[in-house]
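Undergrad:
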């Protein structure tokens, strides 16, 4: 697949699965044995769905904004921001009703028009500060 095709697949995944909440499309975008790094869930496609469900339960109104997408070879890097209201439990933190933003970078490796491997990095410190779990340092 071309780098532009791979970028289009990742863009469509982020918009349709996250912003439109199309959980039914996971099998279209991921292989059954997808390898994911940085997601607090079990292995493979089942783990991807578990991680997705955790996020949607905590932030049912989540929306992603794609700031950058860069592709080379079989990889696509997406830099994004998410916006949402913390309405349900997230890793033991009860819903707070707070609107939060989180930034992240995901790296996707594709083969045969599907994502076969994913690295997922997010700014969890900022999120925990917004939720009041850890203090925000005083500005000097």
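Numbering (the working numbering), first residue to last: 1334 to 1473.
All C-beta atoms in this analysis are idealised placements derived from N, C-alpha and C, irrespective of residue type, glycine included.
Note that this is a predicted model, so its numbers are computed, not measured.
In whole angstroms, what is the alpha-carbon distance linking residue 1401 and residue 1412?
TA: 5 angstroms
Undergrad: Would you list the one or two residues that DSSP bridges to residue 1435?
TA: 1415
Undergrad: Return yes when the Cβ of residue 1336 is within less than 8 angstroms of the Cβ of residue 1449, no when it is not.
TA: no
Undergrad: Please report the Cβ distance between residue 1392 and residue 1419, rounded to the nearest whole angstrom; I am assuming they are in contact, meaning their Cβ atoms lie under 8 angstroms.
TA: The pair is a contact, with the Cβ atoms about 6 angstroms apart (cut-off 8 angstroms).
Undergrad: Roughly how many whole angstroms lie between the Cα atoms of residue 1353 and residue 1447?
TA: 19 angstroms
Undergrad: With burial defined as no fewer than 16 other Cβ atoms inside 10 Å of the residue's Cβ, what is the status of residue 1369: buried or exposed?
TA: buried
Undergrad: Please say whether residue 1367 and residue 1377 have beta carbons closer to each other than 8 angstroms?
TA: yes
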